[in-house]
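When we follow my numbering, the leftmost residue of the sequence shown carries the number 1, and every step to the right adds one.
Backbone N, C-alpha and C fix where the C-beta goes; we use that ideal spot for every residue, glycine too.
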Amino acid sequence: MSQQTARGGSAAWALVITSVAGFMAALDNLVVTTALPSIRKDLGGALPDLEWTVSAYTLTFAVLLMFGAALGDRFGRRRLFIVGITVFTASSAAAAMAPGIDSLIAARAVQGAGAAVMMPLTLTLLTAAVPEARRGMAYGIWGAVNGLAVASGPLVGGSLTEHISWQWIFWLNVPLGLILVPLARLRLAESHGTGAPLDLPGTLLASGGLFGIVYGLVRGPVDGWTGAVVLTGLFAGTALLVGFVLYSVRAKNPMLPMRLFRSRAFSGINAASLLMFLGMFGSIFLLSQYMQGVLGYSPTEAGLRMLPWTGMPMLVAPIAGILSDRIGGRPVVATGLFLQALGLGHLAVVATADASYAAQLPALIISGIGMALYFAPASNLVMSSVRPKEQGIASGANNALREVGGALGIAIMASIFASRGGYESGQAFVDGMRPALVTGAAAVALAGVATLFIPARRRPTAPTSPLAGPTPEPVLETAS
């Protein structure tokens, strides 16, 4: 067998292994949403408990994402990738066997930690295995598989819940994990990063700060916003995050270098990403329950009816990529965010205790097109906002902020829902959901405004070729 053929086979295996691992991690972000009514029926629990079944995963995933990448760089990327898959698989089995809501939440938190180690290493391992000339195609396939996971999450969760049981949304990960571990050991090459020391203080400050804020937001409607525990969580969380920023400014090897935010492009797209996921995750969390608990759809029917929104990126993303290449990413992303905000606002207007699907469909389609226009160009804006050597850190930071936005969105919008409505009746649910959706629409519209602060793309002074040498410096301006 020739060396070129061997490398081609290695690249193919790397693409399969990393794509399936990425699919598992991305799927578990939203797969739980359509199972929430069934989980509440079987295990009990109030609204805050349901929030934590989603937020426990997104929060640990977000907080430990960059730390997981750093662990791989230091101790071996393949080794930590296997560790991440193992933790994710074992905690998925624990979630499936959870005897109560508290143990389910704990298992979800460990699941997020495993995903945080596994997910950032998928692209690193794929990049190392695939020849440079074929990386664009490999990244495209990897991204499409992850997009499929996001799109199919509510549908997969709904179908498994209805036709088998909600536990199977977690059992699904176990055979995949058991197959991936030996494949990764045999088919992936080991590699290491620069060996920079781990940023333990930064990780602890960021973790504690985010947990305090999310905990305070979740407990606020239950304990009262002036309660000692709630105020302590909010104020302590804020203080720890301020400490994280101050520490990161002075640290030699910070988890998140604050100097990156001097770039208007980097700051703008990351602010937009956080706000986009805040509005999107919080809305999906409530709408999936609304379709089942109020409108009476089965879990599968609810997942199918959400596909015009969650599945639209699979159809529109290629068009968004073409538009981004021609006119730049900023106008495409901004347009997508404003469309997403318009769709959420429309859903808030038409939502009633007996709304027809036909009344909701235009809003779902508009939201789906908006989401698609955001996803494809946003990653390119992130990567082009920093120097090539900083792209790994930039990608990790953007993914972390997206997950943080998702956790905050569920906490904030569920708090608004609880203060204005509840589960007592269909009308009570709608009374709480409407102002929450308006808040989500406002957050996404604000994300669109943040995108407008990204400097416009400047044309390169001379054409460049991928084979001509090192990657050119980013073409976006940075703030002085």
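- Here the stretch 224-233 makes no contact with the stretch 368-376; the two share fewer than three CB pairs at distances below 8 Å.
- Annotated as proximal: L205 and F244, with beta-carbon spacing under 8 Å.
- In this structure, F61 places its C-beta atom within 8 Å of the C-beta atom of G112.
- In the structure shown, G76 falls within a coil segment according to DSSP collapsed to helix, strand and coil.
- Under a 10 Å Cβ-count criterion, H163 is classified as exposed, with fewer than 16 other Cβ atoms of the shown protein chains found around its own Cβ.
- If you look at Y247, you'll find it in the alpha helix (DSSP H) that goes 228-250.
- Between the C-alpha atoms of I416 and F266 there is a straight-line separation of about 30 Å.
- Secondary structure at W13: helix, using DSSP grouped into helix, strand and coil.
- Annotation: the continuous alpha helix (DSSP H) that includes N270 extends over 264-289.
- Listed in chain order, the non-local C-beta contacts of A447 below 6 Å within the same chain comprise A272, L275, M276, L337, local neighbours out to five positions each way being set aside.
- A straight line joining the alpha-carbon of V350 with that of Y215 spans about 32 Å.
- Annotation: I284 to P201 spans about 34 Å, alpha carbon to alpha carbon.
- By the Cβ rule, the stretch 46-58 does not count as touching the stretch 151-160, because fewer than three pairs are nearer than 8 Å.
- Taken atom to atom, the span from the alpha-carbon of A236 to that of V218 is near 15 Å.
- With 16 or more other CB atoms across the displayed protein chains lying within 10 angstroms of its CB, N398 is buried.
- Contact between G212 and L240 holds: CB atoms are separated by about 6 Å, below the 8 Å threshold.
- For W166, there is no enclosing alpha helix (DSSP H), as DSSP marks it with neither H nor E.
- No residue range can be given for S385, since it is assigned to no alpha helix (DSSP H) and is classified by DSSP as neither H nor E.
- Non-local beta-carbon contacts of V110 in its own chain, meaning distances under 6 Å to residues more than five positions away in sequence, involve S91 in chain order.
- Residue state for L43 is assigned as helix, using DSSP reduced to three classes.
- A distance below 8 Å separates the beta carbons of V382 and I269.
- For G426, the secondary structure class from DSSP, reduced to helix, strand or coil, is helix.
- Take M433, set aside five residues on each side of it, and the residues of its chain with a beta-carbon closer than 7 Å to its own are L286, Y290, A351, F417, G421, in chain order.
- Per DSSP, the unbroken alpha helix (DSSP H) holding I179 starts and ends at 173-187.
- In this structure, L278 places its C-beta atom within 8 Å of the C-beta atom of I412.
- Using a 10 angstroms sphere on the CB of Y247, the tally of other CB atoms reaches 16 or more, which defines it as buried.
- Under the three-state reduction of DSSP, G114 is assigned to helix.
- Taking the C-beta atoms as reference points, T203 is found no nearer than 8 Å to A334.
- Straight through space, the alpha carbons of A394 and L260 are spaced by roughly 8 Å.
- Shown here, E301 sits in a helix according to DSSP, grouped into three states.
- The way I'd put it, the stretch 182-194 does touch the stretch 70-77; three or more beta-carbon pairs between them come closer than 8 Å.
- Taken atom to atom, the span from the alpha-carbon of A436 to that of I327 is near 34 Å.
- In the DSSP assignment, W309 falls within the unbroken alpha helix (DSSP H) covering 307-310.
- A456 counts as exposed, since fewer than 16 other beta carbons sit within 10 angstroms of its beta carbon.
- The closest CA to that of G208, considering only G233, R187, A184, is found on G233.
- Taken atom to atom, the span from the alpha-carbon of S103 to that of G329 is near 43 Å.
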